[in-house]
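For the sequence shown, the positions run -19 to -1, 1 to 456 when mature numbering (1 follows the signal peptide of the UniProt record, and there is no 0) is used. C-beta: ideal position from N, C-alpha, C; glycine also.
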Amino acid sequence: MRKIYLLAAGLLSMTAANAQVTFGDMQNQISRSKDGINVFDVQKDDREFKGLSVDLGGAFNMDFQAINSFNDQPNSFGEPSNITGYQLMNTENNFVLPAADMTIAAQLFDGVRVNLDIYLASRHHNETYARGGYLQIDKLDFIKKDFLADIMKYATIKIGQMENNYGDAHFKSSDNGSTLRNAFVGNNIMNAFTTEMGIEVYYNRNGLVSMLGATNGNLNQGTQEVMYPAAPGANTVVSPTVLAKLGYDKQLNKDLRVRLTGSLYHNANLGNSNLYSSSRSGFGFWGVLNNKAYNNPIYVNPASTKPSDLHTAPANYNSKSTPEATFDPSFKNWATSYMINPFVKYQGLEFFGTAEFASGGDKAGVDDKRTVTQYAADLVYRFGKKEQFYIGGKYNTVSGKLSNADAKEVTVDRFESSIGWFMTKNIVAKLNYVSQNYKDYSQFSGVQSATNAAYVNNFYGGKFNGLVFEAAISF
């Protein structure tokens, strides 16, 4: 943390010491304030290059949560298959751990900008760490004055470790301390977010939206050989990820804007993470559907009452659940996802939708296809002289099998409503109601390799609901 402060102080002192260095004169930068809401992909502006310039920004949020969790698991199941001490835990009505980000940027040359994004405080690490850094090239004048100027007037190149541009939903989502652009508190239940080393090339002209990109397929960079547990057909390499987007975005008149895009994500040989398990900051609803530690008699066959079929788990063995209550399809070997996003804004009324179709290898070493679908729609009405107030509602549902061997698909659905007030362009306060439900999850789930035994599933008849008050600052 101290190093970050020293770096910021050094940049500021450099600005003061050298008259040729300015502060905040950035080209083609999407605003981190309210002005950046509904700005997708990249943008071009005609800001004059004034020499080397530096920029320092940040984001911070603070949530007060009042949410309760429920499921259909009884505290015991009758002798001899008691589950001793099982209890689903609720959360206190209190503040949760705040999150904070920092952005350090520099305009290095006419049409060339660098960005360094930092998580100052997040749930994934105790220490400050880099979220990513990338170079954005909007002109090639560093090669030769006006080199390919007719093309670069509409094209942009991004290179580095960055948030990869799959779909449009991530532009309206929360990311650690950066939650100002999200009208709600939660992201999509199946949250597509990853930061990988790669390149993206954009060409946007007269309403055309297009992007083609590729990454090395790794969330956590390294040169070590990939080693997987022995399994028939298991992958021993990680393939590049291919990204693509094509669409239309046009302000038809002063009142009406229409946007429609389709996006592709594909990886033929996945590493140890995937598109839906790569968020390091989670999202807005904390500690839901968790249980206290307990001594759990579990068994090979949940329907059996034979003593020979009983196995006792170690002390403090917990049921499996995800602390952020997202849905991760856990694809292995390969994965392909398509996302379609319509966006319509008429005066203060906004509609944004997501239709997502994800498929991948069923499990490690097995290439059989498994598919999960997601639909989401939100409606937001912004009002006031500067649209500083808003009210909105969002519905989101995800359905799919956790394994091809399962008899049924599971479904997770959520409803959110939110009211918000932008006190300034950089400060928003929002009050959010959430209700999330889990359907067709089995009472017992999973297999322990050591005992070949099932465990109690917290998502069986699971649901949580309540209120979250969030205050967010971004500059």
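So, residue 93 versus residue 123, is the Cβ gap smaller than 9 Å?
-> Taking 9 Å as the cut-off, the Cβ atoms of residue 93 and residue 123 count as close.
Roughly how many whole angstroms lie between the Cα atoms of residue 95 and residue 12?
-> Looking at the two C-alpha atoms, the distance is approximately 15 Å.
Going by C-alpha distance, which of 153, 38, 448 and 388 is nearest residue 455?
-> Ranked by Cα distance from residue 455, the first of 153, 38, 448 and 388 is 38.
Alpha helix (DSSP H) runs wholly inside the segment 59 to 136, at least 4 long, in chain order = Contiguous alpha helix (DSSP H) elements confined to the segment 59 to 136 occur at 130 to 133, taking only those with 4 or more residues.
Taking only runs of the alpha helix (DSSP H) that begin and end inside the segment 148 to 208, which ones reach a length of at least 4 residues, in chain order?
-> List check, alpha helix (DSSP H) in window: nothing returned.
Simplified DSSP state of residue 17, which is helix, strand or coil = In this structure, residue 17 counts as helix in the three-state DSSP scheme.
For the segment 375 to 428, which segments carrying the beta strand (DSSP E) assignment without a break, of at least 3 residues, lie completely within its bounds, in sequence order?
-> Within the segment 375 to 428, the complete beta strand (DSSP E) segments at least 3 residues long are 391 to 405 and 408 to 420, listed from N- to C-terminus.
Can you tell me whether DSSP reads residue 261 as helix, strand or coil?
-> Residue state, collapsed to three classes: coil.
With DSSP as the reference, label residue 254 as helix, strand or coil.
-> If DSSP states are grouped into helix, strand and coil, residue 254 belongs with coil.
Within 8 Å: the Cβ of residue 418 and any heavy atom of the ligand FAD?
-> The ligand FAD is not among the ligands present in this structure, which contains no ligands whatsoever.
Can you round the beta-carbon distance between residue 113 and residue 148 to whole angstroms, since I take them to be within the 8 Å contact cut?
-> At roughly 18 Å, the Cβ-Cβ gap does not stay under 8 Å, so residue 113 and residue 148 are not in contact.
Keeping to the same chain, check which residues put their C-beta closer than 8 Å to that of residue -19; ignore five residues upstream and five downstream.
-> Below a pLDDT of 50, predicted positions are generally treated as unreliable, and residue -19, at 48, falls in that range; the measurement from the model is reported next regardless. Closer than 8 Å at Cβ, skipping near neighbours: 101, 108 and 109.
Which residues in the same chain as residue 222 place their Cβ atom closer than 6 Å to its Cβ, once the five residues preceding and following it in sequence are excluded?
-> Cβ neighbours of residue 222 beyond the five flanking positions: 196, 198 and 248.
Distance between residue 239 and residue 232 (C-alpha atoms, nearest Å) | Distance between the alpha carbons of residue 232 and residue 239 is about 7 Å.
By DSSP, does residue 237 sit in helix, in strand, or in coil?
-> Taken through DSSP and simplified to helix, strand or coil, residue 237 comes out as strand.
Express the C-alpha separation of residue 159 and residue 325 in angstroms, rounding to a whole number.
-> About 24 Å.
Using DSSP bridges, identify the partner residues of residue 357.
-> When beta bridges are read from the DSSP output, residue 357 appears opposite 335 and 377.
Report yes or no: do three or more beta-carbon pairs, one from the segment 165 to 172 and one from the segment 126 to 134, lie closer than 8 Å?
-> As far as the Cβ criterion goes, the segment 165 to 172 does not touch the segment 126 to 134, which means the pair count is below three.
Go to residue 227, then tell me how far its beta strand (DSSP E) extends in each direction, as first and last residue.
-> For residue 227, the enclosing beta strand (DSSP E) stretches over residues 222 to 232.
Could you check where the beta strand (DSSP E) with residue 441 kicks off and where it finishes?
-> In this chain, residue 441 is not harboured by any beta strand (DSSP E), its DSSP state being neither H nor E.
Hey, out of 336, 42, 153 and 98, whose CA is closest to residue 77's CA?
-> In terms of CA proximity to residue 77, 42 leads the group 336, 42, 153 and 98.
Assumed close pair residue 414, residue 318 - CB separation to whole angstroms, cut-off 8 Å | Not really, about 29 Å apart at Cβ, beyond 8 Å.
With burial defined as no fewer than 16 other Cβ atoms inside 10 Å of the residue's Cβ, what is the status of residue 384: buried or exposed?
-> Exposed is the call here.
Around the Cβ of residue 304, are there at least 16 other Cβ atoms within 10 angstroms (buried) or fewer (exposed)?
-> In this predicted model, residue 304 has a pLDDT of only 48, less than 50, meaning its place in the structure is not dependable; the value taken from the coordinates is given anyway. Counting Cβ neighbours within 10 Å, residue 304 comes out exposed, since fewer than 16 surround it.
Bridge-paired residues (DSSP) for residue 46 | For residue 46, which the question treats as bridged, DSSP gives the partners 75 and 449.
Where residue 165 falls, given that 16 or more other Cβ within 10 Å makes a residue buried | The C-beta of residue 165 has 16 or more other C-beta atoms within 10 Å across all chains shown, which makes the residue buried.
Leaving aside the five residues before and after residue 362 along the sequence, list all residues of the same chain whose C-beta is less than 8 Å from its C-beta, in chain order.
-> Excluding sequence neighbours, residue 362 sits near 329, 330, 331, 371, 372 and 373.
For residue 441, which residues of its own chain have a beta-carbon under 6 Å away from its beta-carbon, when the five flanking residues on both sides are left out?
-> Within the same chain, residue 441 has close Cβ partners 52, 53, 54, 422 and 424.
Hey, quick one: how far does the beta strand (DSSP E) through residue 313 stretch, first residue to last?
-> For residue 313, the enclosing beta strand (DSSP E) has its first and last residue at 313 to 327.
On the three-state DSSP scale, how would you describe residue 466?
-> Here the chain comprises residues numbered -19 to 456, so residue 466 is not present and cannot be evaluated.
Buried or exposed (CB count within 10 angstroms, at least 16 for buried), residue 320 | Label assigned to residue 320: buried.
Would you list the one or two residues that DSSP bridges to residue 142?
-> According to DSSP, residue 142 bridges with 114 and 178.
Taking buried to mean at least 16 other C-beta atoms within 10 Å of its own C-beta, is residue 205 buried or exposed?
-> So residue 205 counts as exposed.
Could you check what DSSP says for residue 36 in three-state terms: helix, strand or coil?
-> The three-state reading of DSSP puts residue 36 in strand, counting E and B together.
Helix, strand or coil at residue 455 according to DSSP, with G and I counted as helix = Secondary structure at residue 455: strand, using DSSP grouped into helix, strand and coil.
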